[in-house]
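S.K.: After the structure tokens below, expect a handful of questions from me.
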Amino acid sequence: MRRALGKVFTTDHRRLGVMYLLLALAAVAVGTTLSLLMRFHRVWPNAVIPGFGVMKPEDYLALVTMHGTLMVFFVLTVAPQSGFANLVLPGQIGARGMAFPKINATSFWLTLVSFLVLISAAHLTAGGAPISGWTSYPPLSALPAAGPGQGLGMDLWLVSIGIFCVAAWLSALNMLATIVGKRRAGMTWARLPMTVWSWLVASVLTLLAFVVLLAAVGMLFSDRHFGTNFFIPMGDMINGQVVGHGNGSPMLWLQLFWFFGHPEVYIAVLPGMGLATSLFANFSRRRVAGYKMMAGMLVAIGLLGLLVWGHHMFVSGINPYAGTAFAAVTMAIAVPSTAEVIGWLATLWGGGLRLRTPMLFALGFLSFFIAGGLTGPILAQPSLDVYLHNTFFVVAHFHLIMAMAGVFGVFAGVYYWFPLMTGRLMNETLGKVHFWVSLIAAYGTFLPMHFAGLAGEPRHYDRLTGPAMNFTALLPLERGITYSALLLAAAQGIFLWNVFVSARRGRVAGVNPWESTTLEWENGEVPSLIERGPYEYELPQGEGGYHPQWESPVKQE
Amino acid sequence: MLIPAAYALLKIGRVVWMPVDGSLHGPAADRLMWWNLVALCAIAVAGHLWLAFAMLRRKPAKRSVPAMARWVLLAGFCGMYAWMALTAQNLWAETRYEGPLQTAMHVEVVGVQFQWYFRYPGPDATYGVTRPRLVNAAAGNPLGIDPRDANGRDDVVSSVLVLPAGREVELRLRSLDVMHGFFIPGMRLKEDAIPGMTLHVHFTPEKVGTYPILCSQVCGLGHDRMQARLMVVSPADYAAWIAGRERAREAEE
């Protein structure tokens, strides 16, 4: 009994990493199911859905809210950052463990509690889940009378996000302390694998952003229950009742929320960028083109990422001069992002790639990073955003750059590090089928959404017909998107099957199956002094030669 | 994969594009959108061709891409981003930096779950005072106009936005309850209506016609029903319409 409990309440970072990944898997399964219900409802609005009946507009908005919250927080923040960093970060820097193992374990359990509270918001409350979207703009989110689900459901949402903030903050604190303080002698900044750089930047962003969200969530909760008026303006009404007696402003929430919200998307995508850099070097057997510049650009993206939040508010009444300033900074962030892409493409240019499954997913990550990233400069221009803001164009943009790039990064990580979790390799054939079907279905789902956005269709609309505007010309397009989304979801069955089968009967991986150079693959004793860079592939003495970081230079002579 | 994808996108693009523009500033915005989409699509395709080439290149190349080439490429992109930022900035400044002309007409837009109201200030060109506790849609006062304020006596409240073609209009946006998004796709215009704030936008409708008005900021369970119509009519028709509304209002009194 004690042993079983010890296995669950562990402070072992590797085990915690796997637990985080399993939590993300649960969240992604729920989140995907919700999105399929939404897709189904959009093209067959009058169909009876088993367990749902005919979907009401508030049901659709509840699905939107839960889908967004689950995916952004519990999948894209948990898996790439907490999941993989716990799994391999101490290994990669030659540390024996995390800096604060107990804080680290606490943060996992808080995340799990947060997840359960969120799920209960949907299932255990009379009004159901909140309907104000994952951004929860007040006063809609501040007033229980503003809509179904805005009562207890909204309270539980706020509690869940509050707990999540604390968990993310503790986790980032631990990670930052580990990277700064627990590196082995000789593991200098210039010898850090790019994944460690990305976790470093993401941890700093988490520390700065999640405290602001925690404050905002606390203030909103206080508005709802303790009579404060941070976000509710004077004279505000709901259903004919005057409820605003203080002098608050919804704009305060927008500023606070997006000061968190924009860094959050970098928290989600940075680890994928770091991993892609490592995988491109490994599977092309080359050094990273311009390692120092690539690391510097990750830091630059993090810094600029803290300064661009205003671009979510171009049409929300910020001063037009502030709009110009935020547009300029947002455009500026395209420069380090482009530098990263050029660095990757330069690494890949020479060909001779080992196209194994982790590499394919890293290439898929790059493909989405390009396709989704390039619409960024369009949305950064206030005069174009005036039309595209809150349309499906934005949905397409962030699903490609954040969701698909993020998730493909996670897949690359799972295929690549699977041997560290199970000692076995995942099946290559299934992996390749999974990759190609997912890639095509993901583009089939999200590329056409750009056109729905250009046609002017706002997000959060649950059907194509309205009192004044009809988007029925979009119906064939919308059907295509729905079929594609179904295919995308079905393809993940191949992945689950592959994980299940390979964990039990997969090919035994052996030592360092990908001929990697980074320290997490060393299964003997890590030397007390690290004397090599992270990507010493491409050696003069012959093809395929490489020096792992655990080798000492002397041994090679 | 790229060619059928491009073909499909073209086919879709011919059916599904931005609605016809009816505003003065729209053509410039559309041109900008078009050039941006073309430039960025071309770059996306070029990037993927590069990727495909790298994946198909079985024999590793001897030489790597020189650092100089990477910097030149990056500099080229910086130039493009600067061009985009500047051209878009010009348009933004033109439409948003300055207030309306002295000759612009004024209309107030008020969002309330789940309805848009439009208030014309009447012959005195001044809006009457509104008070939240006087709001009573059933009694014909959805905006809570104070009857004791003389300025409000000639205010006209409509659920259709009627505007004369060719005259600039200054909208002031308010909301009584939650945040709404005032969006006229056909006028390339969007601005949020935020409770507690009064926001201003101005534009000039040019082409006579009917344009849908949508809510673009999720505002509750009726969000997708919260639509209205903008009717752009000739100046003579507008004068007749507003005179009719004034007479109807007087008849009620």
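Which chain is which? The protein sequence lines are V and Y, in order. Here the first sequence is numbered in the numbering used here, starting from 888 and rising by one per residue. Here the second sequence is numbered in the numbering used here, starting from 14 and rising by one per residue. For glycine and all other residues, C-beta sits at the position ideal for the given N, C-alpha and C. If you're wondering where the values come from, they're calculated on a predicted model, not measured in any experiment.
Using a C-beta cutoff of 9 Å, does Phe90 of chain Y count as contacting chain V?
M.R.: For the purposes of this step, residue 90 of chain Y is identified with residue 77 of the second sequence, where counting begins at 1. Yes - at least one Cβ of chain V is within 9 Å of the one on Phe90 of chain Y.
S.K.: Would you mind giving the Cβ-Cβ distance between Cys228 of chain Y and Met210 of chain Y, rounded to the nearest angstrom? I have them listed as a contact below 8 Å.
M.R.: Indexing the second sequence from 1 puts residue 228 of chain Y at position 215. Indexing the second sequence from 1 puts residue 210 of chain Y at position 197. Their Cβ separation, rounded to whole angstroms, is 17 Å, which puts Cys228 of chain Y and Met210 of chain Y out of contact at 8 Å.
S.K.: Can you find the residues in the same chain that come closer than 8 Å, C-beta to C-beta, to Val1104 of chain V, ignoring five residues on each side of it along the sequence?
M.R.: What you label residue 1104 of chain V is simply residue 217 of the first sequence in a count that begins at 1. Closer than 8 Å at Cβ, skipping near neighbours: Leu1045, Ile1048, Gly1049 and Cys1052.
S.K.: In three-state DSSP terms, what is Trp931 of chain V?
M.R.: Numbered from 1 along the first sequence, position 44 holds the residue referred to as residue 931 of chain V. In this structure, Trp931 of chain V counts as coil in the three-state DSSP scheme.
S.K.: Can you find a heavy atom of the ligand SAH that lies under 8 Å from the Cβ of His928 of chain V?
M.R.: Within the structure as shown, the ligand SAH is missing, as the structure has no ligands at all.
S.K.: With a cut-off of 9 Å, does the C-beta of Gly165 of chain Y fall near any C-beta of chain V?
M.R.: In the second sequence, the residue the question calls residue 165 of chain Y occupies position 152. Chain V, which has no Cβ nearer than 9 Å to the Cβ of Gly165 of chain Y, makes this no.
S.K.: Less than 6 Å between C-beta atoms, sequence neighbours within five positions excluded: which residues of the same chain meet that for Trp276 of chain Y?
M.R.: Lying before the first or after the last residue shown, residue 276 of chain Y is absent from chain Y, which here runs from 14 to 266.
S.K.: Using a Cβ cut-off of 7 Å, which residues of the segment 994 to 1024 of chain V contact any Cβ in chain Y, in chain order?
M.R.: Going along the segment 994 to 1024 of chain V in chain order, one finds Ile1018, Ser1019, Gly1020 and Tyr1024 with a Cβ nearer than 7 Å to chain Y.
S.K.: Tell me, to the nearest whole angstrom, how far the beta carbon of Val1099 of chain V is from that of Phe1147 of chain V; I am working on the premise that it is less than 8 Å.
M.R.: Stepping through the first sequence from its first residue, residue 1099 of chain V is reached at position 212. Stepping through the first sequence from its first residue, residue 1147 of chain V is reached at position 260. Contact holds; Cβ gap of about 5 Å.
S.K.: Straight-line CA distance for Glu1444 of chain V to Ser1403 of chain V?
M.R.: Looking up residue 1444 of chain V in the first sequence gives position 557. Looking up residue 1403 of chain V in the first sequence gives position 516. Because Glu1444 of chain V sits at a pLDDT of 44, beneath the cut-off of 50, its placement in the model cannot be relied upon, and the following sentence gives the value as read from the coordinates. Their Cα atoms are separated by approximately 20 Å.
S.K.: Alpha carbon to alpha carbon, how far is Thr143 of chain Y from Leu912 of chain V? Give it in angstroms, no decimals.
M.R.: Position 25 of the first sequence, counting from 1, holds the residue named residue 912 of chain V. Position 130 of the second sequence, counting from 1, holds the residue named residue 143 of chain Y. The straight-line gap from Cα to Cα measures roughly 53 Å.
S.K.: If you reduce the DSSP assignment to three classes, tell me which class Ile936 of chain V lands in.
M.R.: Here residue 936 of chain V is taken as the residue at index 49 of the first sequence, counted from 1. Here Ile936 of chain V sits in strand by DSSP.
S.K.: Hey, how far is the Cα of Phe1113 of chain V from the Cα of Lys203 of chain Y?
M.R.: As a working mapping, residue 1113 of chain V is identified with position 226 in the first sequence. As a working mapping, residue 203 of chain Y is identified with position 190 in the second sequence. About 35 Å.
S.K.: Kindly list, in the order they appear in chain Y, the residues whose Cβ is closer than 7 Å to that of Phe1051 of chain V.
M.R.: Numbered from 1 along the first sequence, position 164 holds the residue referred to as residue 1051 of chain V. Under the 7 Å cutoff, chain Y gives no residues; its nearest Cβ is about 22 Å from Phe1051 of chain V.
S.K.: Can you name, in chain order, every residue of its own chain whose Cβ lies under 6 Å from the Cβ of Lys1442 of chain V, other than the five neighbours on each side?
M.R.: For the purposes of this step, residue 1442 of chain V is taken as residue 555 along the first sequence, with counting starting at 1. The predicted position of Lys1442 of chain V is uncertain, since its pLDDT is 49 and thus under 50; a value taken from the coordinates is nonetheless stated next. If we look at Lys1442 of chain V and ignore the five residues flanking it on each side, it has no Cβ neighbours.
S.K.: Is there a Cβ of chain Y sitting closer than 9 Å to that of Leu1185 of chain V, yes or no?
M.R.: One-based indexing of the first sequence puts residue 1185 of chain V at position 298. Output row for Leu1185 of chain V: interface = no.
S.K.: With DSSP run on the structure shown, which of helix, strand or coil describes Cys228 of chain Y?
M.R.: Stepping through the second sequence from its first residue, residue 228 of chain Y is reached at position 215. Three-state DSSP puts Cys228 of chain Y in a strand.
S.K.: Which chain A residues are close to Asp162 of chain Y, counting only those with a beta carbon under 7 Å from its beta carbon?
M.R.: You won't find chain A in this structure, because its protein chains are V and Y.
S.K.: Which value, in whole angstroms, describes the spacing of the CA atoms of Ala1029 of chain V and His1434 of chain V?
M.R.: The residue given as residue 1029 of chain V occupies position 142 in the first sequence. The residue given as residue 1434 of chain V occupies position 547 in the first sequence. Spanning the two alpha carbons is a distance of roughly 58 Å.
S.K.: Can you pull out the residues from the segment 1360 to 1372 of chain V whose beta carbon lies closer than 9 Å to at least one beta carbon of chain Y?
M.R.: Within the segment 1360 to 1372 of chain V, the qualifying residues are Ala1360, Leu1361, Pro1363, Leu1364 and Gly1367.
S.K.: Kindly indicate if chain V contains any beta-carbon less than 9 Å away from that of His119 of chain Y.
M.R.: Mapped onto the second sequence, residue 119 of chain Y falls at position 106. By this cut-off, His119 of chain Y is not an interface position.
S.K.: With 9 Å set as the bound, which would you pick, yes or no: does the beta-carbon of Trp30 of chain Y sit closer than that to a beta-carbon of chain V?
M.R.: By one-based count along the second sequence, residue 30 of chain Y stands at place 17. So yes, Trp30 of chain Y belongs to the interface.
S.K.: By a C-beta neighbour count over all protein chains shown, 10 Å radius and 16 as the cutoff for buried, is Met888 of chain V buried or exposed?
M.R.: Looking up residue 888 of chain V in the first sequence gives position 1. Exposed.
S.K.: Answer yes if the segment 1312 to 1327 of chain V comes into contact with the segment 936 to 945 of chain V, meaning at least three C-beta pairs across the two stretches below 8 Å, and no otherwise.
M.R.: Short answer: they don't touch.
S.K.: What separation, rounded to the nearest whole angstrom, lies between the Cα atoms of Gly1177 of chain V and Pro79 of chain Y?
M.R.: For this step, residue 1177 of chain V is matched to residue 290 along the first sequence. For this step, residue 79 of chain Y is matched to residue 66 along the second sequence. Roughly 10 Å between the two C-alpha positions.
S.K.: In the DSSP assignment, find the beta strand (DSSP E) that holds Ser171 of chain Y and state where it starts and stops.
M.R.: Locating residue 171 of chain Y in the second sequence gives position 158, counting from the first residue. Taken as a continuous stretch (DSSP letters only), the beta strand (DSSP E) holding Ser171 of chain Y covers Val169 to Ser171.
S.K.: Report back the beta-carbon spacing between Thr116 of chain Y and Glu181 of chain Y to the nearest angstrom; my notes put them in contact at under 8 Å.
M.R.: What you label residue 116 of chain Y is simply residue 103 of the second sequence in a count that begins at 1. What you label residue 181 of chain Y is simply residue 168 of the second sequence in a count that begins at 1. Yes, Thr116 of chain Y and Glu181 of chain Y are in contact; Cβ-Cβ is about 7 Å, under 8 Å.
S.K.: Going by Cα to Cα distance, which pick from V:Leu963, V:Gly978, V:Gly1340 and V:Met1313 is closest to Thr1278 of chain V?
M.R.: Here the question's residue 1278 of chain V lines up with position 391 in the first sequence. Ranking the options by Cα distance to Thr1278 of chain V, first place goes to V:Gly1340.
S.K.: Relative to the alpha-carbon of Trp931 of chain V, which residue among V:Phe1167, V:Asp1349, V:Gly1015 and V:Phe1144 has its alpha-carbon at the smallest distance?
M.R.: Within the first sequence, the letter at position 44 stands for residue 931 of chain V. Out of V:Phe1167, V:Asp1349, V:Gly1015 and V:Phe1144, V:Asp1349 has the C-alpha closest to the C-alpha of Trp931 of chain V.
S.K.: Taking 9 Å as the threshold (C-beta atoms), are Met244 of chain Y and Thr223 of chain Y in contact?
M.R.: For the purposes of this step, residue 223 of chain Y is taken as residue 210 along the second sequence, with counting starting at 1. For the purposes of this step, residue 244 of chain Y is taken as residue 231 along the second sequence, with counting starting at 1. Closer than 9 Å, so yes.
S.K.: Using a Cβ-Cβ cutoff of less than 7 Å, which residues in the same chain neighbour Trp1021 of chain V once the five nearest sequence positions on both sides are dropped?
M.R.: To locate residue 1021 of chain V, count along the first sequence from 1; it is residue 134. Hits under 7 Å: Thr952, Gly955, Thr956 and Val959.
S.K.: DSSP has Tyr130 of chain Y in a bridge; who is on the other side?
M.R.: For the purposes of this step, residue 130 of chain Y is taken as the residue at position 117 of the second sequence. Answer is Y:Val123.
S.K.: Considering only DSSP beta bridges, list what Asp205 of chain Y is partnered with.
M.R.: Position 192 of the second sequence, counted from the first residue, corresponds to residue 205 of chain Y. Asp205 of chain Y is bridged to Y:Gly194.
S.K.: Mapping the DSSP letters down to three states, classify Arg166 of chain Y as helix, strand or coil.
M.R.: The count along the second sequence starts at 1 and reaches residue 166 of chain Y at position 153. Arg166 of chain Y: coil per DSSP, three-state reduction.
S.K.: Interface residues of chain Y around Ile1229 of chain V at Cβ under 7 Å?
M.R.: Sequence index remark: in the first sequence, residue 1229 of chain V carries index 342 (1-based). The contacting residues are Arg83, Leu86 and Leu87.
S.K.: Check whether the Cβ atoms of Ala1187 of chain V and Pro1223 of chain V lie closer than 9 Å to each other.
M.R.: For this step, residue 1187 of chain V is matched to residue 300 along the first sequence. For this step, residue 1223 of chain V is matched to residue 336 along the first sequence. Going by C-beta atoms, Ala1187 of chain V is nearer than 9 Å to Pro1223 of chain V.
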